[in-house]
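Be aware that the sequence shown starts at 554, since it is given in this note's numbering, and climbs by one per residue.
Structure, as structure tokens:
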Amino acid sequence: GGGLQLSLEASASGDHISLNNINGNVDTIFINLVSVNHGLALAGQIIFLDVFAALNYEWFTKLGGKIEWTGGIVHLETPERLYRVPLPPLKGTLSLKDSNALLKILSGNSNLMSLSLKKNGWSKADITFPLIDMLGIPFPSGNQSDGEPAFTLEEKIF
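What follows is the structure in structure tokens.
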């Protein structure tokens, strides 16, 4: 209840923890507790579909599965203004690549954004032109090939 409904299988052995078959949904109010400090607030729910993660005391050793967002209004604060944008439902794929936790976000077949998190706490968001177009944010045109980042944001979060 309360905007959080998840089921999962968990096991631990020595310094390893495994979480498997993570399914369910999380209301975005929980995500907004963190994201609003970075100028982003979402409506709707995040749905977890067969997500799995394994980690030791240091970092992830496995990560995968699908994540969906139900869509809705996104509030995005930029230095110029506050945007209020309706977005369609989006899909994401979790993975572990070169020891980095990775979330690729798609609308249909268009890559909109790739989020990565390194073991050292650095996060990176590659924002593509299709997402900028969806958000209606003015941005200089450039190489607008699908999937190539229009710009990248990096921040140390822990």
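Ideal Cβ positions, reconstructed from N, Cα and C, are used throughout, including at glycine.
The structure displayed is predicted, hence computed values, not measured ones.
Beta-carbon contacts of residue i that lie in its chain and below 6 Å, excluding the five residues immediately before and after
i	result
Ser-669	Asn-653, Leu-655 and Lys-677
Tyr-610	Asp-568
Unbroken beta strand (DSSP E) run spanning residue i, endpoints
i	result
Phe-704	702-709
Val-604	598-608
Ile-658	653-660
Glu-633	Neither: Glu-633 is in no beta strand (DSSP E) and is coded neither H nor E.
Asn-590	It is not in any beta strand (DSSP E) - Asn-590 carries neither H nor E in the DSSP assignment.
Asn-664	663-670
Reduced DSSP secondary structure (H/G/I, E/B, other) of residue i
i	result
Pro-683	helix
Asn-574	strand
Ile-582	helix
DSSP bridge partner residues for residue i (one or two, in chain order)
i	result
Glu-621	Ile-600 and Lys-644
Pro-639	Ile-626
Phe-613	Leu-608
Leu-557	Val-579
Beta-carbon separation (whole angstroms), residue i vs residue j, contact threshold 8 Å
i	j	result
Ile-600	Ile-582	Their Cβ separation, rounded to whole angstroms, is 15 Å, which puts Ile-600 and Ile-582 out of contact at 8 Å.
Leu-572	Ala-563	5 Å
Gly-625	Ala-594	The Cβ separation is near 10 Å, so there is no contact.
Leu-629	Tyr-636	4 Å
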